[in-house]
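Participant: Shown below is the structure under consideration.
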Amino acid sequence: MINVAVTDIKESQETNSGEEDLIFYSFEELFLWLEKINGVPIISPGVLLYELAKDGRTGLRTRKEHIEINSDSRDYPLARGVAFEAGLIKKRGFGEVYVRNPQAGLAFARTLDSRFSVSQS
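Count along the sequence shown starting at 1, add 1126, and that's the number in the working numbering.
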């Protein structure tokens, strides 16, 4: 289960509220939702999911919203392996780079969903 807390920055400054909690049951669902947010760069959804899968939490800030994402599912070695397999991360020289391709992010999300569902059953 993936918990997302979305805080509207303007509303929270004015009324001390404006927070909305969302729950996603798959990384693919979350990826598709993140893609629709205005102000999130194309590369970001896949990278955010990678950070979420390896650390269990991540976040971002747009001009209008602050978004915190937490997940019960985290596994650094699995996330890293799937990221390379899906093409989200590639080796370059002595380091690694994120691939600027939304399809790689979506492939990462789908593969991660299938791997987590297999490991939890």
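Quick reminder that beta carbons are idealized off the backbone N, C-alpha and C, glycines included.
Alpha carbon to alpha carbon, how far is residue 1219 from residue 1225?
Facilitator: Here residue 1219 refers to the residue found at position 93 when the sequence shown is read from its first residue. Here residue 1225 refers to the residue found at position 99 when the sequence shown is read from its first residue. Taking the straight line joining both Cα atoms gives about 15 Å.
Participant: Quick check on DSSP: helix, strand or coil for residue 1150?
Facilitator: Within the sequence shown, the letter at position 24 stands for residue 1150. Three-state DSSP puts residue 1150 in a strand.
Participant: What are the boundary residues of the alpha helix (DSSP H) that residue 1225 is part of?
Facilitator: As a working mapping, residue 1225 is identified with position 99 in the sequence shown. Counting along the chain, residue 1225 falls outside any alpha helix (DSSP H), and DSSP gives it neither H nor E.
Participant: Thinking C-alpha only, which one of 1145, 1152, 1191 is nearest residue 1242?
Facilitator: Here the question's residue 1242 lines up with position 116 in the sequence shown. Answer by Cα proximity: 1152.
Participant: Just to confirm my understanding: we take residue 1182, look at its own chain, exclude 5 residues before and 5 after, and list those with CB closer than 6 Å. What are they?
Facilitator: Numbered from 1 along the sequence shown, position 56 holds the residue referred to as residue 1182. Correct list, in chain order: 1197, 1200.
Participant: Tell me, to the nearest whole angstrom, how far the beta carbon of residue 1195 is from that of residue 1184; I am working on the premise that it is less than 8 Å.
Facilitator: Taking the first residue of the sequence shown as 1, we reach residue 1195 at position 69. Taking the first residue of the sequence shown as 1, we reach residue 1184 at position 58. Confirmed, Cβ separation roughly 5 Å.
Participant: Mapping DSSP to helix, strand and coil, what is residue 1156?
Facilitator: Translated into the one-based positions of the sequence shown, residue 1156 becomes position 30. The answer is helix: DSSP assigns residue 1156 an H, G or I state.
Participant: Ignore the nearest five residues each way along the sequence and tell me which others in residue 1074's own chain have a CB closer than 8 Å to its CB.
Facilitator: Since the first residue shown for the chain is 1127 and the last is 1247, residue 1074 is missing from the structure and cannot be characterised.
Participant: Do you know how far the Cα of residue 1146 is from the Cα of residue 1192?
Facilitator: The residue you call residue 1192 lines up with position 66 of the sequence shown. The residue you call residue 1146 lines up with position 20 of the sequence shown. Straight-line Cα distance between these residues: approximately 11 Å.
Participant: Helix, strand or coil for residue 1182? Go by DSSP, reduced to three states.
Facilitator: Within the sequence shown, residue 1182 is the residue found at index 56, counting from 1. Reduced to three states, the DSSP call for residue 1182 is coil.
Participant: Considering only their Cβ atoms, is the gap separating residue 1216 from residue 1223 smaller than 9 Å?
Facilitator: Reading the sequence shown from its first residue, position 97 is the one you call residue 1223. Reading the sequence shown from its first residue, position 90 is the one you call residue 1216. Yes, they are a contact pair.
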